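Chemist:
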Amino acid sequence: MGKNEIRLIPASAIRLNLCKHVYGIAAVMSLSVFLFSSAARAQEPSMNVKKENFHNGMVVCATPDAAKVGLDILKKGGNAVDAAVAVQFALAVTLPEAGNIGGGGFMVYRSAHGESNTLDFREKAPARASQNMYLDSAGNVVPNMSIATHKASGVPGSVDGMVEAYNKYGKLKWADLVQPAIDLAHNGFKITEKLASDLNRSRAQFVKLNPGKSYLLKDGDWKEGDVLVQEDLAQTLMLIRDKKREGFYGGMVADLLVSEMKNGAGLISKADLQNYHSVWRKAIYGNYKGYKIITMPPPSSGGIALLQLLQSVEKYPLHRWGYNRDSTVQLVVEAERRVYADRSKYLGDPDFYKVPVDSLLNPAYIDARMKSFDWNAATPSTSIQPGKFVGYESDQTTHYSIVDKEGNAVAITTTLNDSFGSKIFVGGAGFLLNDEMDDFSAKPGVPNMFGLVGGKANSIQPGKRMLSCMTPTIIEKNGKLFMVVGTPGGSTIITSVFQTILNVIEFDQDMQQAVNSKRFHHQWLPDVVYEEKDALSDSTETKLKQKGYKIVERGPSGRVDAILINKAGYLEGGADPRGDDTKLGW
Ligand code: GLY
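Numbering that gives the first Met the number 0 applies: residue 0 is where the sequence shown begins, and numbers increase by one.
(1) Under the three-state reduction of DSSP, which class applies to Asp119: helix, strand or coil?
(2) Of all the options Gly444, Leu570, Lys463, Thr381, which has the alpha carbon lying nearest to the alpha carbon of Ala408?
(3) Would you say Gly156 touches the ligand GLY, meaning its beta carbon is less than 6 Å from a heavy atom?
(4) Should Gly347 and Lys212 be called a contact, given that it needs their Cβ atoms to be closer than 7 Å?
(5) Can you grab the Cα-Cα spacing for the pair Lys544 / Asp575, in whole Å?
(6) If you follow the beta strand (DSSP E) that Ile365 is in, where does it begin and where does it stop?
(7) Measure the C-alpha to C-alpha separation of Ile239 and Asp417 and round it to an integer number of angstroms.
(8) Identify the residues that DSSP records as bridge partners of Met482: which are they?
(9) Is it buried or exposed for Asn447, if we count other Cβ within 10 angstroms and need 16 for buried?
(10) Less than 7 Å separating the beta-carbons of Asn433 and Glu163?
(11) Assign Pro155 to buried or exposed, taking buried as 16 or more other Cβ atoms, counted over all protein chains shown, within 10 Å of its Cβ.
(12) In terms of residues, what are the limits of the alpha helix (DSSP H) holding Ala340?
(13) When the distance is taken between beta carbons, is Ala91 closer than 7 Å to Ile100?
(14) On the CB-based measure, 16 or more other CB atoms within 10 Å of its CB, does Thr541 come out buried or exposed?
(15) From the DSSP secondary-structure annotation, give me the bridge partner or partners of His398.
(16) Tell me, which residues are paired with Leu216 by DSSP?
(17) Buried or exposed: which applies to Asn477, given that a residue is buried once 16 or more other Cβ atoms fall within 10 Å of its Cβ?
(18) State yes or no: is the C-beta of Arg603 within less than 7 Å of the C-beta of Arg368?
(19) Curious, which full-length beta strand (DSSP E) runs of at least 3 residues does the segment 175-240 contain?
(20) I want to know whether the segment 258-270 touches the segment 121-137 - three or more CB-CB distances under 8 Å.
(21) Based on Cα-Cα distance, which residue from Pro355, Gln229, Trp585, Glu313 lies nearest to Tyr214?
(22) Report all residues from its chain with a CB closer than 6 Å to the CB of Leu451; omit the five preceding and five following residues, and keep chain order.
(23) Could you compute how far the alpha carbon of Val59 sits from the alpha carbon of Gly462?
(24) Where does Ala574 sit, in a helix, a strand or coil, going by DSSP?
(25) Cβ of Met106 versus every heavy atom of the ligand GLY: is any distance shorter than 6 Å?
(26) Name, in chain order, the residues that DSSP records as bridge partners for Asn286.
(27) Here's a check: name, in chain order, each residue in its chain whose Cβ is nearer than 6 Å to the Cβ of Asn502, leaving out the five neighbours to either side.
(28) If you run the structure through DSSP and keep just helix, strand and coil, what is Val452?
(29) Gly572 to Thr494, Cα distance in whole Å?
(30) Go through its chain and collect everything with a Cβ distance to Leu255's Cβ below 7 Å, but skip five positions before and after it.
(31) Hey, is Met469 close to the ligand GLY, as in C-beta under 6 Å from one of its heavy atoms?
(32) Tell me, please, which residues DSSP counts as bridged to His520.
(33) Go ahead and pull the three-state DSSP assignment for Tyr315.
(34) Starting from Lys269, trace the alpha helix (DSSP H) both ways and give me its first and last residue.
(35) Go through its chain and collect everything with a Cβ distance to Gly406's Cβ below 7 Å, but skip five positions before and after it.
(36) Apart from the five residues on each side of it in sequence, which residues of its chain come closer than 6 Å, Cβ to Cβ, to Pro9?
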């Protein structure tokens, strides 16, 4: 492949232009939301939302260029899966932090006729991985070894996942779905302010981890409007276009990937690549006040945790209490505390560990878990352990939601794990490798980069999939499509999806408001309520602190991209203003 991994060309030379107004893009929400008074902010996330009347299809994803690619496919007669394949590859070019071919993910699909299915294209531990591979001779976890080394990568699943999804449901020609990404990589695209700053922030690590390589580097700092050309990535995508799966898991790309592994004592072999296969899994279902929730089973913990959370709060009058009022926050936090405790013990790859799905979702069990909840005081996390069942023998990601003209819907969450994954590039092939191995439990009780702890269910084993929080979800109302939703955000994925659903169903927010609304998060350990700036009003905070809750402000939580079928039957998008997320409909 060409040596010029990155070319900087003048913005005037760019051929791929965004004509946002032509496609009816709804502008990313105004920053004025942040200027409201604390109380108003917390109780009523008021947005000047433009009402939309799209009914032929919609794409909501993390970059404007990828959204345009997806919409073009829908307009050419492609279905939601065709558009998803095109968006996945376009994100691999335009969102190098998380869009990927070197990572993995999950798809939840619902056809216009109501059949649902899920595809697990999560990465797998290489055959040479072992339970204690991140421990030193004293048995301690070696810092960063599962994050920023060649050993941090699981065997990538994204390309196989796209091929599988396409083979089952795709309609247009495969080559036509990959070509837009090739064009974006070859011709370049204008980078946003956010991508410029993400690239600049990671520069030192790119240089340190990739000696002698220039991928994603330029002289001086990146700035908004610079054009990013990725010639090597374009070549790799051409191989995928022409040879599908074999273009990535065999031939030149496999050679380059394995040679990269050898450079850094990585574990992925040619056999690992050839043996990688994504898996169709039966969706898991739940009901919340008459809405049917269709979501991802293990090896994501997201679906089970979401269903547990919804069940835990279902019998309480959230609607009457209101958005982010103290009773709402307290109840939600206590549910989250208990559910994340269960996650630490019982969730893992179902192909290796018997996940007690039925027990975890048993209404009697959920009721019993919530019995220790006391309105007068926070339940200390030290007093909550993973539950026991009678007779029982687990931040950088991206999500896109798509609905096509017929009403087929796709929710895909995909990831490299950390921002830019391991930050290690496959030399000559122009893509980043994931550091998904950090999602395993390296040692029982020792937190991973998201502060999540785990044990046997999520221990490392060759060929096993690491536990995820990704929660792509589709919701039905009265047998009809109602919502498509998901988000990145590491451990906060589950709670962000949960709160977005509550915002619509309980607090009557429209899709964009529900996405914009400030979020909070609790994950059992550490015993802290994280809130986005001003998510909670002063009075809510005071009341919660009096009851013993420790509240800590954190940065933006997730970037939810969602679609709602509103009361008038139109597609209503929610593109998260926390990122460059974009909704395009027609
Ligand atoms: N890598 C984040 C997750 O899968 O949950």
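Here a beta-carbon is modelled for each residue, glycine too, at the ideal position from N, C-alpha and C. It should be emphasised that the depicted structure is a prediction, and the values quoted were computed from it without experimental measurement.
Modeler: Quick answer:
(1) In the structure shown, Asp119 sits in a strand (DSSP, three-state: E or B).
(2) When each option's Cα is compared against that of Ala408, the closest is Leu570.
(3) Incorrect: Gly156 has no Cβ contact closer than 6 Å to the ligand GLY.
(4) No. Outside cutoff.
(5) Cα atoms of Lys544 and Asp575: separation of roughly 29 Å, rounded to the nearest angstrom.
(6) From DSSP, Ile365 is part of no beta strand (DSSP E) but of the alpha helix (DSSP H) over 362-369.
(7) Cα-Cα distance, rounded: 25 Å.
(8) As a beta-bridge residue in DSSP terms, Met482 pairs with Ile474, Leu563.
(9) Buried.
(10) Annotated as distal: Asn433 and Glu163, with beta-carbon spacing of 7 Å or more.
(11) Counting of Cβ neighbours within 10 angstroms places Pro155 among the buried residues, the total reaching 16 or more.
(12) For Ala340, the enclosing alpha helix (DSSP H) starts and ends at 325-345.
(13) Closer than 7 Å, so yes.
(14) Result: exposed.
(15) Note: His398 sits in a beta bridge opposite Thr412.
(16) None; Leu216 has no bridge partner.
(17) The Cβ neighbour count for Asn477, taken over all protein chains shown within 10 Å, is under 16; the residue is labelled exposed.
(18) Since the first and last residues shown for the chain are 0 and 585, residue 603 lies out of range.
(19) Qualifying beta strand (DSSP E) stretches, in chain order: 226-229.
(20) The answer is yes - the segment 121-137 touches the segment 258-270, with three or more Cβ pairs under 8 Å.
(21) Among Pro355, Gln229, Trp585, Glu313, the Cα nearest to that of Tyr214 belongs to Gln229.
(22) Same-chain partners within the cutoff: Ser490.
(23) When rounded, the distance between both Cα atoms is 33 Å.
(24) Ala574 carries a strand assignment under DSSP once its states are collapsed to helix, strand and coil.
(25) Taking 6 Å as the cut-off, one finds no heavy atom of the ligand GLY near enough to the beta carbon of Met106.
(26) According to DSSP, residue pairing for Asn286 in a beta bridge involves Lys291.
(27) Contacts found: Gln508, Ala513, Ser516.
(28) Here Val452 sits in coil by DSSP.
(29) Looking at the two C-alpha atoms, the distance is approximately 20 Å.
(30) Beyond the five residues adjoining it in sequence on each side, Leu255 comes within less than 7 Å, by CB distance, of Val425, Gly426, Gly427, Ala428 in the same chain, given in chain order.
(31) Annotation for Met469 indicates a beta carbon within 6 Å of some heavy atom of the ligand GLY.
(32) BP columns for His520 point to Tyr529.
(33) Three-state result, Tyr315: coil.
(34) Lys269 -> alpha helix (DSSP H) spans 269-274.
(35) Exclusion of the five residues before and after Gly406 leaves Ala111, Leu480 as the residues of its chain whose Cβ lies within less than 7 Å of its Cβ.
(36) Summary for Pro9: the model assigns pLDDT 32, below 50, so the residue's position carries little reliability; its value from the coordinates is reported in the next sentence. No residues qualify anywhere along the chain.
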